[in-house]
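Mapping the sequence shown onto the numbering used here, position 254 (from 1) lands on 254, and the numbers just tick up by one.
Encoded as structure tokens, the structure appears first; notes follow it.
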Amino acid sequence: MMMPGFLLTTYAQKAIMLKYNLKNGDKYTSAMTMNQEIDMEVQGQSMVINQDMNFEFGYSVSDVTADSFNLHTNINAIKMDQSVMGMEIKYDSKDTSTFNNATVGTKISDQMNKLIDQEIISTTSVNGNVGTIDLGGLDSDNEVASNMKSSFSQAVYPDHKVKIGESWENDITTSGIAEMNMHLTYTLTKATRKQAFIDVKGTIASPDATAKLKGTISGEMTVDRKTGWVTHSTFDQDFELQMEQQGMSFPATISGTYEINSQKVK
1 MMMPGFLLTT YAQKAIMLKY NLKNGDKYTS AMTMNQEIDM EVQGQSMVIN
51 QDMNFEFGYS VSDVTADSFN LHTNINAIKM DQSVMGMEIK YDSKDTSTFN
101 NATVGTKISD QMNKLIDQEI ISTTSVNGNV GTIDLGGLDS DNEVASNMKS
151 SFSQAVYPDH KVKIGESWEN DITTSGIAEM NMHLTYTLTK ATRKQAFIDV
201 KGTIASPDAT AKLKGTISGE MTVDRKTGWV THSTFDQDFE LQMEQQGMSF
251 PATISGTYEI NSQKVK
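The following block contains the structure:
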């Protein structure tokens, strides 16, 4: 009767190797839900923006070597619901009636529409370090595309085996509208024969003079041990933002959560 518990204890003490082990032609889909609340102060007046966004992604793998692979990412669908001072802004890439109506600015819908079906190619090491990102037909200053860059780099694995309770760190710098520096600490919290569970905590900062940002990120990831693919992740983010425009200062706080669920296409 004591044998199962003994085996679990022994297994928990075993060091495991985490890395991507993908094959050419592998395909995945994922759905991301993001909820944000932005509190701003404009000329002494408080303004609250509530934003809910949903993304659908498709992925395919190519050019696999012993050290790296290419990940082709397509944004298949975007849905946004935003509330600003009682005004509702809605966009749905699957509903053309939302593209140019009074509740969606043309600039917003144009920016979103440019993302649909565009292919983004990232060259990634088997440890998850992103070497290059080809945005294809997207502009490097596209706000949503810029924000996506950091998501390609968040599942980074150590180059050695780890045991339950052990941690490793990674620094990520992204560019785009503004440079962003992220410092993340990963901790392996649990492992089964098929899955690994990783706790993530970190800080985010931007040295940009016109939009200074600092904040924290925390969450957890579930990893398929056979492939290294992240099948589920949830994160909480809290930021303080200070924008400077034409000699005026606009302070803001941003709090949000996002959740991603992903699965292999059979």
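Idealized CB from N, CA, C, for every residue including glycine.
- The region 11-27 makes contact with the region 154-172; the number of CB pairs closer than 8 Å reaches 3 or more.
- Nearest C-alpha to GLY86 among THR29, ASP63, MET47: MET47.
- DSSP links GLN245 through a beta bridge to MET248.
- DSSP places ASN170 inside the beta strand (DSSP E), whose first and last residues are 167-174.
- DSSP, read as helix, strand or coil, puts ILE164 in coil.
- DSSP, reduced to helix, strand and coil, places ASP81 within a strand of the structure shown.
- For the 7 Å CB-CB criterion, SER218 and ILE260 do not form a contact.
- A distance below 8 Å between beta-carbons, with the five flanking residues on each side excluded, links SER249 to the following residues of its chain, in chain order: GLN242, MET243.
- Take LYS214, set aside five residues on each side of it, and the residues of its chain with a beta-carbon closer than 8 Å to its own are THR203, ILE204, ALA205, SER206, PHE239, GLU240, in chain order.
- Residue range 45-62 is occupied by the beta strand (DSSP E) that includes GLY58.
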